[in-house]
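S.K.: Residue numbers (our numbering): 205 to 301.
In this text, a Cβ means the ideal position worked out from N, Cα and C, and glycines have one as well.
All values reported here derive from a predicted model rather than from experimental measurement.
My questions will all concern the structure given below.
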């Protein structure tokens with residue numbers, strides 16, 4: 205048996221790519237889910253003002269309070285976004301009849 209204090213693990217372990225700061229906010233920038241015609245920037249601003257949670261493409265839910273430009277981009281959000289863009293670009297390049 206090891207000497208020293210016991211450590212309690214959290215009930216839910218986040219993926220390795222999800223680093224959480226002491227504030228509970230992610231240490232990566234996420235891409236916000238939006239509806240067609242909805243502004244992601246406006247959605248983030250509103251969430252920062254009113255403290256409402258946002259959902260990222262990767263499924264992470266958080267209330268933004270930091271400048272995301274200072275953080276690296278979430279790998280999962282980036283992969284989802286790139287796949288979505290590739291799919292839409294493919295649809296737009298279909299030959300017309």
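Which residues share a DSSP beta bridge with residue 287?
M.R.: Here the question's residue 287 lines up with position 83 in the chain shown. DSSP lists no partner for residue 287.
S.K.: Please classify residue 249: is it buried, with 16 or more other beta-carbons within 10 angstroms of its beta-carbon, or exposed?
M.R.: Position 45 of the chain shown, counted from the first residue, corresponds to residue 249. It is exposed - the Cβ of residue 249 has fewer than 16 other Cβ atoms within 10 Å.
S.K.: With 16 other CB atoms within 10 Å as the buried threshold, where does residue 246 fall?
M.R.: As a first step, residue 246 is located in the chain shown; it is residue number 42 there, counting from the start. Answer is exposed; the Cβ neighbour count stays below 16.
S.K.: Assuming residue 232 contacts residue 261 (C-beta within less than 8 Å), just tell me the rounded distance between them.
M.R.: By one-based count along the chain shown, residue 232 stands at place 28. By one-based count along the chain shown, residue 261 stands at place 57. That belief does not hold up - the Cβ atoms of residue 232 and residue 261 are roughly 12 Å apart, past 8 Å.
S.K.: Do residue 265 and residue 257 have their CB atoms nearer than 8 Å?
M.R.: Numbered from 1 along the chain shown, position 61 holds the residue referred to as residue 265. Numbered from 1 along the chain shown, position 53 holds the residue referred to as residue 257. Cβ atoms of residue 265 and residue 257: closer than 8 Å.
S.K.: DSSP state of residue 249, grouped into three classes?
M.R.: Counting from one through the chain shown, the residue named residue 249 turns up at place 45. Residue state, collapsed to three classes: helix.
S.K.: State the DSSP-derived secondary structure class of residue 244, mapped to helix, strand or coil.
M.R.: One-based indexing of the chain shown puts residue 244 at position 40. Helix.
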